[in-house]
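Using the numbering used here, the first residue of the sequence shown is number 1322, and each one after it goes up by one. The C-beta atom is built at its ideal place from N, Cα and C for all residues, glycine as well. Inspection log for the structure reproduced underneath, given as C-alpha cells.
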Amino acid sequence: MALTGDIYKLMSTEDMLQGHAELCIHAYGFVKSMALKCAMELGIPGAIHDNGGGATLDELAKRISLPPSRLPRLRRLMRVLTVSGVFSVQHQPDSAGDAVYGLTLSSRLLVANDETSSGLTRLVSLMLDPNLTAPFSGMSAWFMDDERPRSFFEMHHGEDMWDMATRDAALSRTISDGMTDDSRFIVEVLLRESRARDVFRGVRSMVDVGGGTGAIARAIAAAFPHVECSVLDLPHVVAAAPEDGDVRFVSGDMFEYIPQANAVLLKSVMHDWRDDECVKILRKCKEAIPSKDAGGKVIIINMVVDSGTSEQGNTLKGESQVLYDLFLMVFEGGEREEHEWEKIFLEAGFSGYKIIPVLGIRSIIEVYP
C-alpha cells in the first residue's frame, strides 16, 4: 500500500534527523576521496612514517613544508581523515597537549617502501584521476542513453579510455604506474601464500597478457627460475618496458594473438571487457596453451563478487567489491559473480575451473581447457 501525505509527517523527529545525517554522509562522500587525494599529494603518509610513526600538527607542517598560516586548514583536513579512518589520532593526557596523528592499515600502504616501490599511492591516484572521476557526474544520462553501447567515459570525453591513453602520454603513464603498484602488491601476497605459490608450481612457461612493464612476470621469474616468463601488451606499453633479459616482451593485441605458453596469466584484465569480448580473449588463450593433462591453464586474478554480501554491502569485502564494480562501469567494465564467470568459461570452450580466495577482495581462478 502506497504511503500518502507529507513525508515529514510520516516520520518521527528522531528518524528525520537520523536520515538527514545519513544523507549528508552519502552526499559528501566525495569529500573523503578528495581529502585522501590531497593527503597523498601533500605527502602526509610518508611524513608521519618518517617522523617515527606519529606526528603532531606542527611536526606534520614542517615535514611537508606547509606555510604556518595554513595550519588551521591542515587541522581540518586531518580531522576528516581521522574520522574516516585513514589516519589514527591520539590526544595527550594533558587536554592542552597536541594531538598525535598515526598511520592505520590503509595509510601504511601509501608509504613508499624504497626507491623502487611507492606503496599503493599511484594506484589510488589512478582511481582518483580526474579523467576517470569526472564522467560520474553524467551517470544518470548514461543510464537513459539507449542509442548504442558505450561507456560514460566515452560519453563524457568523446572517446574510450584506451584510445585516450594511446594519444595521452600522461594518462598512459598514470594507468601504467597504478597497475605496476597493484601488481607489486599482488606479488607480495602471492609469494607469501602457499596456496597462491602452488598455482605456479609445475608451470614451465607463462605469458602475462596485459602485463604492462612486467612487474608480476619479473617477480614470478625470480621466485620460480624454471618458469620462462613473457609479457604481451600494446605497442606503446611495450615501448616503455625495460628490457633486462629476465622477461621477454611481445607487442601485440590479445584479441588477435597470444604467444604459446604453458599458462596464460590475466591479472585485472577481464573486468575491463564485456562478456562477449572476454569469451574472445579466452578463446585466444585456449589456442595458446596445451591440454589440461599437459599442464595447460589460464590463471585469472580478479574479483569473484560475493552475491551474499554484494547486495547488502554490509561487510568491508562486500562494500569494496560493489564500489569497485560500479567504478569500472566508467569504461564499461565490471566485476562478476561466480555464475557469471562460469558462463564465460563454458562459452569459451573450457572444461572446468577452480577459485582460490587468497587475495582479499580478489581471487585466483584457475581455468582448464
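Rounded to the nearest whole angstrom, the CA to CA distance from E1653 to N1372 is 43 Å.
Take G1573, set aside five residues on each side of it, and the residues of its chain with a beta-carbon closer than 7 Å to its own are L1553, in chain order. The residue among V1510, E1514 and F1545 with its C-alpha nearest the C-alpha of V1524 is F1545.
For the set E1335, R1443, M1332 and S1333, the Cα lying nearest the Cα of A1360 is the one of R1443. With respect to the 7 Å criterion, V1401 and A1368 are not classified as neighbours on the basis of their beta carbons.
Contact annotation: E1658 and V1619 have beta-carbon atoms that are not nearer than 7 Å. Three or more beta-carbon pairs separated by less than 8 Å link the segment 1585–1598 to the segment 1640–1655, which places the two stretches in contact. The three-state reading of DSSP puts N1623 in strand, counting E and B together. Counting the other Cβ atoms within 10 Å of the Cβ of R1683 gives 16 or more, which makes it buried. In this structure, DSSP gives S1472 a state outside helix and strand, which the three-state scheme calls coil. Assignment of S1526 by DSSP, reduced to helix, strand and coil, places it in the strand class.
Bounds of the alpha helix (DSSP H) holding L1363 are G1350 to L1363. Every unbroken stretch of the alpha helix (DSSP H) spanning 4 or more residues and falling wholly within the segment 1421–1460 is given here in chain order: 1426–1429, 1442–1448 and 1451–1454. Taking 8 Å as the upper bound for CB-CB distance, I1610 and V1585 are in contact here, some 6 Å apart. Residue pairing from DSSP leaves I1385 without any beta-bridge partner. Closest in alpha carbon position to K1613, among L1395, Y1422, L1426 and Y1674, is Y1674.
In the DSSP annotation of this structure, the continuous segment of the beta strand (DSSP E) that includes A1584 starts and ends at A1584 to K1588. For the 7 Å CB-CB criterion, F1474 and V1651 form a contact.
Residue nearest to A1420 within the set M1399, L1431, R1429 and G1440 is M1399 (criterion: CA-CA distance). For the segment 1492–1553, the continuous beta strand (DSSP E) assignments of 3+ residues that do not extend past its boundaries occur at 1526–1530, in sequence order. Going by beta carbons, T1495 and H1557 fall outside the 7 Å limit. Between the C-alpha atoms of L1453 and Q1581 there is a straight-line separation of about 34 Å. For F1408, there is no enclosing alpha helix (DSSP H); the enclosing beta strand (DSSP E) covers residues F1408 to H1412.
Taking all protein chains in view, the Cβ of A1560 is surrounded by fewer than 16 other Cβ atoms within 10 Å, so the residue is classified as exposed. With a cutoff of 7 Å on beta-carbon distance, G1364 and I1385 are scored as near each other. Residue state for R1595 is assigned as coil, using DSSP reduced to three classes. When only Cα atoms are considered, G1639 and S1526 end up about 35 Å apart.
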